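J.: Sharing a structure here in structure tokens format.
Chains as they are written, first to last, in my numbering: chain A, 1 to 466; chain B, 467 to 552.
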């Protein structure tokens, strides 16, 4: 019983939060202004509690498995959710159904927690669905907007399609081996054609969720149409969770066929980077721009996953932590501007520095970090990813990756030029930034700078991974 | 069949039905493997039950979204849902 509580701690906490919100919702009508700080406080407690009593063990006939690394990954996701609750304060205050939004968000988070610790394909599938269906509902939250429901429709149809493919892969594996348990499966996976077919189906499903290139088409539309917090959640938290689950599945279950998926991942990584970068070049809408830039970032994550070492896994965890801070900062600034003025085009950002220096600096910091420029943490994240991939050889792919960083620099700097240098007759007027959003932005900014400078963060992650 | 339907149909409801068709083929797969290949295991049956339940949940959310889309657009055709392009 004791192990039950310590091992399931993250999941139980999130479930408790969901129930608290449900009870608050049905008991009486609370104004958003009072409910939001309460939610933020609860999420902060949840975030802090995640760091204690992390043990190793499995539950429910090894369907659920956890260890310090998995607990660390869950903590990273928790931090991201807390930051989302801070950064999008403006949007949250306006929405009519605040409690429901957080119930859906936390349900999706719960699904991601189970997804990361799943030790069985049944658990894996259930968790994946729990992590995607609420997000589709969240994408539809701007009920009166046409684009919002359109993006939700695209999201639910493509995710249902991808889970159909995933299930087909699982059913083939079950037919061949009769096993759906990860630990037992690792012993019997081999290079036979039918198992590789099933494996390709599984990779396809992951590629859909991570928006790896041949299956990335839904990403930009969904990101553009959804409300800002949903977009941020989708691009940061859900991507991180799926990447963590991908690591678990590849390293634990499909380790025997590593030679096959190494090449696959490297090619996918390079294509993903190229397509993401080249499409990002021509985007005008800031959300679409960030969507394609996040596709390009996934390419780098794949590079780290493909290295197939504990070092690579550590580098991926570190990179995702940085990515959460930098991407959320960028989305946070965009959300503040879009909530106040409704402007989402990069051209509208011209001359932003004159009127809103704080927002401009945070945005510049975030974009520098995403581009991977040295003083920021993003540089170190990419450095470790590329060096872990280089340890494995295949320098051609790594050179292409490095060239991609230069391409990405061009479009990130284009936004920064618009903000800092371009003149504009009618720049966005001076915005009153909410205290909570300001706090969130400062946490993000501090994270971007400090994660790179404090070496113990990376050493801690590597120590946990080993 | 389901995949074919998903790519060719232009009506959202029919697309949803195609996805259900795909899931049902997986169910048949699981049941068949369970009955003839691994008769002494139960995993396949459990998996099927869960797939049916999840498919229902997914269909509920999808139909809710489609109804919302219909309200704003008076159509359930994908060709009309093209507000966003690059």
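Where is the CB? At the ideal position from N, CA and C, for every residue including glycine.
Bear in mind that the values here come from a model prediction, so they are computed numbers and not experimental data.
State buried or exposed for residue 395/A, treating a residue as buried only when at least 16 other CB atoms are found within 10 Å of its CB.
T.: exposed
J.: Which residue wins for smallest C-alpha separation from residue 120/A, given the options 38/A, 342/A, 60/A?
T.: The shortest C-alpha separation from residue 120/A is found at 60/A.
J.: Residues of the segment 161-174 of chain A in Cβ contact with chain B at a cutoff of 7 angstroms, in chain order, please.
T.: 161, 164, 167, 168, 171, 174
J.: Within 9 angstroms (strictly less), CB to CB, does residue 118/A reach chain B?
T.: no
J.: Quick check: what's the CA-CA separation for residue 231/A versus residue 102/A?
T.: 14 angstroms
J.: So which residues on chain A does residue 535/B lean against when the C-beta distance must stay under 7 angstroms?
T.: 149, 150, 153
J.: Kindly say whether residue 100/A, judged by its beta-carbon, lies nearer than 9 angstroms to any beta-carbon of chain B.
T.: Chain B contact via Cβ: absent.
J.: Note down, in chain order, every chain B residue with its Cβ under 9 angstroms from the Cβ of residue 122/A.
T.: 509, 512, 513, 516
J.: Going by the CB atoms, is the gap between residue 241/A and residue 126/A shorter than 9 angstroms?
T.: Cβ atoms of residue 126/A and residue 241/A: not closer than 9 angstroms.
J.: Grouping DSSP H, G and I as helix and E and B as strand, with all else coil, what is residue 66/A?
T.: Correct three-state label for residue 66/A: strand.
J.: Which partner residues of residue 118/A appear in the DSSP bridge assignment?
T.: Per DSSP, 64/A.
J.: If residue 317/A sits next to residue 72/A, beta carbons under 8 angstroms apart, how far is it from one beta carbon to the other, in whole angstroms?
T.: 7 angstroms
J.: Suppose the cutoff is 7 angstroms on Cβ atoms and the five residues either side in sequence are ignored; what does the same chain contact list for residue 551/B look like?
T.: Confidence at residue 551/B is low in this model, with a pLDDT of 46, below 50, so its placement is unreliable and the value that follows should be read with caution. Scanning its chain for C-beta atoms nearer than 7 angstroms, with the 5 sequence neighbours on each side dropped, one finds no residue around residue 551/B.
J.: Since residue 126/A meets chain B, which of its residues come closer than 8 angstroms, beta carbon to beta carbon?
T.: 516, 520
J.: May I have the straight-line CA-CA distance separating residue 452/A from residue 123/A, to the nearest angstrom?
T.: If you take the alpha carbons of residue 452/A and residue 123/A, they lie about 36 angstroms apart.
J.: So with Cβ pairs under 9 angstroms, would you call residue 207/A a contact of chain B?
T.: no
J.: What did DSSP end up calling residue 307/A once you bin it into helix, strand or coil?
T.: coil
J.: Pick helix, strand or coil for residue 498/B, following the three-state DSSP scheme.
T.: helix
J.: Residues in the segment 479-493 of chain B with C-beta within 8 angstroms of chain A's C-beta atoms, listed in sequence order?
T.: 481, 482, 485, 488, 489, 491, 492
J.: Looking at the unbroken alpha helix (DSSP H) that takes in residue 12/A, where does it start and where does it end?
T.: From DSSP, the alpha helix (DSSP H) with residue 12/A extends over 9-27.
J.: For residue 174/A, which residues of its own chain have a beta-carbon under 8 angstroms away from its beta-carbon, when the five flanking residues on both sides are left out?
T.: Taken in chain order, the residues that qualify are 121, 180.
J.: Please state whether DSSP places residue 477/B in a helix, a strand or coil.
T.: Of the three classes helix, strand and coil, the one that applies to residue 477/B here is strand, per DSSP.
J.: Just the C-alpha distance for residue 564/B and residue 386/A, rounded to the nearest angstrom, thanks.
T.: The structure shown does not extend to residue 564/B, since chain B spans only 467 to 552, so no value can be given for it.
J.: Taking the DSSP output, what are the residues bridged to residue 57/A?
T.: DSSP output for residue 57/A lists 66/A as bridge partner(s).
J.: Note the first and the last residue of the continuous alpha helix (DSSP H) segment covering residue 440/A.
T.: 435-453
J.: For residue 140/A, which of helix, strand or coil comes out of DSSP?
T.: Three-state DSSP puts residue 140/A in coil, outside helix and strand.
J.: Under 9 angstroms between C-beta atoms, does residue 453/A make it to chain B?
T.: No, residue 453/A lies away from the interface with chain B (no Cβ there is under 9 angstroms from its Cβ).
J.: Does the ligand GDP have a heavy atom nearer than 8 angstroms to the CB of residue 397/A?
T.: This structure lacks the ligand GDP; in fact it carries no ligand of any kind.
J.: Could you tell me whether the segment 46-58 of chain A touches the segment 302-312 of chain A, using the rule of 3 or more Cβ pairs below 8 angstroms?
T.: no
J.: Does the distance from the C-beta atom of residue 157/A to that of residue 485/B stay below 9 angstroms?
T.: yes
J.: If contact means a Cβ-Cβ distance below 8 angstroms, which residues of the segment 263-285 of chain A contact chain B?
T.: 279, 282, 283
J.: Please report the Cβ distance between residue 304/A and residue 389/A, rounded to the nearest whole angstrom; I am assuming they are in contact, meaning their Cβ atoms lie under 8 angstroms.
T.: Yes, they are in contact, since the Cβ atoms of residue 304/A and residue 389/A sit about 6 angstroms apart, within 8 angstroms.
J.: Leaving out five residues on either side along the sequence, give the residues of the same chain with a beta carbon under 7 angstroms from the beta carbon of residue 271/A.
T.: 213
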